[in-house]
Each structure stands twice: as C-alpha cells, then as structure tokens.
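Numbering (our numbering), first residue to last: 15 to 281. C-beta: ideal position from N, C-alpha, C; glycine also. See below for the structure under consideration.
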C-alpha cells in the first residue's frame with residue numbers, strides 16, 4: 015500500500031468516527047479510557063527500556079569479568095606448568111624417603127633435567143670391620159650435559175673396592191656426572207640421619223624471601239669452585255640446599271629454579 019492510499023483510508027475512517035453521535039457522558043467515558051490506555055502503554059514502554067538497558071549493562075560486565083578471569087587462568091596455567099606436572103620421580107622419591115627417614119619431594123624442571131641422584135654414605139669402622147653403613151645426605155644433579163667416558167672413570171675411582179669403609183656414595187638414578195657438569199645441585203638433609211653441624215652450617219647466612227618462604231643465601235667454596243647456595247627449611251626435619259656454580263649460572267636463573275622447586279616441594 016502506498017502513502018496516498020494509506021492517507022485516504024485513514025481519512026475515511028476519521029470521517030466515519032465524526033459521523034457518530036455521542037452524548038456528553040459517552041464522550042467523557044471514552045476520553046477516560048483513552049487516557050488510561052495511553053498511560054499504560056507509556057508505562058510498559060519505559061519499563062521495557064529500563065530492563066533492556068539493565069540487561070545490556072549486566073551482559074557487558076559479565077563479558078569483561080569472564081575475559082579477565084580467562085586471561086588470569088591462562089597466565090597462571092602457563093606460569094605454573096612445571097609446578098602442576100606429575101612427578102616422574104615417584105619411585106626415586108620413595109627410595110630417598112626411606113633412606114633419609116623423612117618425606118622427600120624431587121623437583122621437575124623441563125628446561126634442566128635431573129641427570130643423577132646419589133646417597134652420600136657414612137661408615138662406622140672398628141678395626142678393619144665395617145660395623146655400620148648408613149646414608150647421611152641425598153644429592154640431585156641437574157644438567158644439560160650427558161655422562162661420558164671421563165665420568166665413568168671418575169665413578170670407578172670413587173667406588174673401587176679398596177676404598178676403606180666402602181664407597182662414599184651410592185648411585186640411585188641416572189649416570190654419574192662430575193661436579194663440573196652440574197648446573198644445579200640439590201642436597202637433601204634430614205635431622206634423622208644428617209649431622210646437626212652440617213645442617214646448621216647451611217642454615218646460617220643471609221635471609222631472602224623466595225616463593226613466599228624464607229631461604230638462607232650464602233656463597234660457599236669447595237675444591238671444585240665457588241657456589242651460591244639457597245637453604246630452604248621445609249619442616250623441622252628436612253632441609254633442601256640448592257647450589258649453583260658462580261661461574262656458570264646467573265643469580266636470576268638460580269632464584270627462578272629455587273622458586274619453581276619450592277612450589278613443587280610444598281605442593
């Protein structure tokens with residue numbers, strides 16, 4: 015229908031209404047109903063508009079918050095990939111826990127794999143006879159280098175049968191690699207088997223906060239070089255000492271390694 019036809023239709027309808035003869039009471043009643051109908055229509059329109067605006071605002075807020083939480087979740091998930099991974103060392107953890115008589119947790123680092131685990135042994139000798147032989151400290155060596163023939167010869171030398179009191183170490187995992195190849199090393203000490211003097215030595219130094227926990231930082235020296243060490247007292251019975259060669263590892267890498275390790279240990 016075009017505009018001209020629409021106008022003609024409405025004009026005819028209007029003229030039809032004009033021809034209706036109404037008295038005063040009828041006109042008043044119709045007028046009242048029309049006013050109420052208009053007011054009711056306005057009320058519905060305003061109410062619908064308010065609801066529409068409110069719904070739009072709430073939808074926008076929900077989208078913003080959903081996006082925020084999704085971003086935080088993805089970021090945290092990426093940051094804690096090493097922390098959430100199931101330990102591939104459960105059998106070794108059991109062996110070390112039994113040896114040290116305390117629960118042991120072995121950190122996993124994708125970028126720096128565990129290459130060796132040893133127990134440092136101590137023997138009690140009377141005359142020429144070994145009366146007692148027991149573990150005192152567990153060691154975990156992390157490196158990107160593999161064992162070679164020189165490492166094998168060094169291990170044979172350390173563990174040769176003629177060593178008085180028996181071999182000072184027992185290899186539990188991986189292949190023996192010399193200290194020069196270690197990029198990170200973890201000593202695990204237990205008050206059940208380790209000497210108190212050794213534990214106290216590592217727990218004396220400058221305090222730092224890493225992963226929300228207090229660690230003891232110090233520079234140590236042995237025949238193979240200088241090391242920065244971070245001692246973390248897990249509980250009243252167990253101490254983890256993280257050691258890094260000063261000439262190979264920057265401090266920020268060492269701190270990151272310690273932070274990731276602590277988060278896994280306290281899981």
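Proximity below 8 Å, CB of residue i to CB of residue j
| i | j | result |
| --- | --- | --- |
| residue 168 | residue 192 | yes |
| residue 7 | residue 245 | Residue 7 is absent from the model: the chain starts at 15 and stops at 281. |
| residue 182 | residue 138 | no |
| residue 243 | residue 225 | no |
| residue 202 | residue 118 | yes |
| residue 218 | residue 230 | yes |
| residue 152 | residue 110 | yes |
| residue 252 | residue 116 | yes |
| residue 241 | residue 279 | no |
| residue 262 | residue 197 | yes |
Proximity winner among the options, relative to residue i (alpha-carbon distances)
| i | options | result |
| --- | --- | --- |
| residue 113 | 149, 163, 266, 142 | 149 |
| residue 213 | 242, 250, 186 | 250 |
| residue 133 | 139, 204, 197, 161 | 204 |
| residue 326 | 186, 260, 142 | For residue 326 there is no data in the structure shown, the boundaries of the chain being 15 and 281. |
| residue 166 | 130, 146, 142 | 130 |
| residue 188 | 103, 279, 281 | 103 |
| residue 173 | 190, 162, 163 | 190 |
Counterpart residues of residue i in DSSP-defined beta bridges
| i | result |
| --- | --- |
| residue 241 | 234, 259 |
| residue 247 | 253 |
| residue 153 | 132, 201 |
Residue-level contact to chain D via CB, residue i, 8 Å cutoff
| i | result |
| --- | --- |
| residue 243 | Any reference to chain D falls outside this structure, which holds one protein chain only. |
Anticipated Cβ contact below 8 Å, residue i with residue j, distance rounded
| i | j | result |
| --- | --- | --- |
| residue 107 | residue 120 | 5 Å |
Any 3 or more C-beta pairs closer than 8 Å across the segment 269-280 and the segment 202-209: no
With three or more beta-carbon pairs closer than 8 Å as the criterion, would you say the segment 157-174 touches the segment 119-138? yes
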